[in-house]
Amino acid sequence: MAVKKRRRKTNSSAAYPVILAMLAVVIVILLIITAAAGSCSKGSDDNETTSSAQESAGTTPAESQGSTSSAPEETSAVNAVVKIKYNAEEDWALYVIGNDNPLPENFTVETKAVAGERTLDSRCADYAIQMLNAAAEQNVGLFVTSSYRSVQKQAENMESYINTLISQGYSQEEAKIQAEKEIALPGHSEHNAGLAMDIVSSDYWSTHDDLDESFEKLPQFDWLIENSWKYGFVLSYPKGKEEITGIIYEPWHYRFVGLKHAEKMHEVYESTGEFLTVNEYIEQYIDME
Ligand SMILES: [Zn+2]
1 MAVKKRRRKT
11 NSSAAYPVIL
21 AMLAVVIVIL
31 LIITAAAGSC
41 SKGSDDNETT
51 SSAQESAGTT
61 PAESQGSTSS
71 APEETSAVNA
81 VVKIKYNAEE
91 DWALYVIGND
101 NPLPENFTVE
111 TKAVAGERTL
121 DSRCADYAIQ
131 MLNAAAEQNV
141 GLFVTSSYRS
151 VQKQAENMES
161 YINTLISQGY
171 SQEEAKIQAE
181 KEIALPGHSE
191 HNAGLAMDIV
201 SSDYWSTHDD
211 LDESFEKLPQ
221 FDWLIENSWK
231 YGFVLSYPKG
241 KEEITGIIYE
251 PWHYRFVGLK
261 HAEKMHEVYE
271 STGEFLTVNE
281 YIEQYIDME
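Mapping the sequence shown onto this note's numbering, position 175 (from 1) lands on 175, and the numbers just tick up by one.
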């Protein structure tokens with residue numbers, strides 16, 4: 001193209017204004033392309049930090065039309081967080097239960113035995129049984145100390161624990177505050193929903209009056225972290241997430257969220273070393289629309 005221009009230049013001096021005009025047009029086009037590319041990449045950064053994948057998907061194709069060279073970057077930014085579409089039927093077990101998220105007043109649950117007298121929601125009981133059997137086959141004896149608990153039983157537990165704390169020197173008010181940090185309010189517990197189990201080893205259970213953090217040093221804890229997700233269960237109250245859950249770190253408490261979500265939550269743990277709470281998981285990975 002440059003050669004052609006030079007030839008035309010030597011052939012006729014009358015062509016100068018035309019060539020200058022063409023050069024001006026080329027420069028203007030180059031400037032427009034550069035500006036468009038700049039604004040596109042800035043747009044994709046903004047999308048990564050402030051918008052959900054849904055929103056980015058909506059705005060990106062229109063923005064990237066101005067410059068095809070930045071299209072691959074846009075695509076990878078959108079793929080970084082692809083939310084899983086919520087399906088009420090399949091995802092029945094994926095919901096937050098806590099002090100700010102009570103079960104509905106009329107909540108009822110059909111239960112099924114998982115270990116001795118311990119029961120769970122019948123829809124997840126078989127997964128729990130499979131998990132306990134798998135551990136037993138690998139000589140990792142798991143012992144379920146608590147599972148489904150009625151709201152009434154939860155209220156009794158709370159009252160009894162408040163009384164224990166008072167007997168240890170807490171005032172009535174202090175005891176209530178402390179108890180609510182350790183025990184969910186009646187109707188606000190994953191145990192009331194029939195989704196959660198407290199799991200330790202029988203040795204641990206026979207030597208500890210209360211469940212405490214020392215359980216995390218036992219092989220049963222390691223096994224649960226490595227395997228519970230395969231059966232749809234996750235650690236509900238991770239260390240460092242007390243502000244979000246409102247509950248102390250409980251290395252013994254596992255709840256059912258379903259196979260697909262437990263696997264995804266485990267994947268996040270494997271890649272980041274961070275246990276998400278169910279709350280965080282829903283916010284970051286689930287499209288509830
Ligand atoms: Zn528990």
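We put the CB at the ideal spot given by N, CA and C, even for glycine. Quantities reported herein were computed from a predicted structural model and do not represent experimental measurements.
In this structure T145 does not touch D91 by the C-beta definition: roughly 28 Å separates them, more than the 8 Å allowed. Chain-ordered, the residues whose CB falls short of 5 Å from any heavy atom of ligand 1 come out as D198, H253. A direct Cα-to-Cα measurement between Y269 and N163 gives close to 38 Å.
A residue is called buried once 16 or more other Cβ atoms fall within 10 Å of its Cβ, and S167, having fewer, is exposed. Distance from the CA of F107 to the CA of E173, rounded to the nearest whole angstrom, comes to 30 Å. Contact between G194 and Y148 holds, since their C-beta atoms are separated by about 4 Å, short of 8 Å. Leaving aside the five residues that flank A262 on each side, the residues in its chain whose CB is nearer than 7 Å to its CB run, in chain order, W229, G232, F233, V234. Runs of the beta strand (DSSP E) lying entirely within the stretch 168 to 226, each at least 3 residues long, are 196 to 200 in chain order. Under the 8 Å Cβ criterion, the stretch 241 to 258 counts as touching the stretch 93 to 101, having at least three qualifying pairs.
The beta carbon of M131 sits closer than 6 Å to those of Y231, all from its chain and outside the five residues before and after it, given in chain order. With contacts defined by Cβ atoms closer than 9 Å, Y237 and T207 do not form a contacting pair. Contact check for L211 against E250 passes: the beta carbons are separated by less than 9 Å. Bounds of any alpha helix (DSSP H) do not take in D91, whose DSSP letter is neither H nor E.
When the Cα atoms are used, E242 and K181 turn out to be separated by approximately 9 Å.
Between the C-alpha atoms of K264 and G240 there is a straight-line separation of about 20 Å. Beyond the five residues adjoining it in sequence on each side, I129 comes within less than 7 Å, by CB distance, of V114 in the same chain, given in chain order.
In its chain, beyond the 5 residues on either side, V144, S147 have a beta carbon closer than 6 Å to the beta carbon of R118. Assignment of N163 by DSSP, reduced to helix, strand and coil, places it in the helix class.
Counting along the chain, no alpha helix (DSSP H) covers K112; the unbroken beta strand (DSSP E) around it starts and ends at 111 to 115. If you draw a straight line from the Cα of Y204 to the Cα of F215, it comes to about 8 Å.
Shown here, Y127 sits in a helix according to DSSP, grouped into three states. For V257, the secondary structure class from DSSP, reduced to helix, strand or coil, is coil. Taken through DSSP and simplified to helix, strand or coil, I247 comes out as coil. Scanning I84, A155, N139, E190 for the CA closest to the CA of S201 turns up N139. About 7 Å separates the beta carbon of H191 from that of Q154, a gap short enough to meet the 8 Å contact definition.
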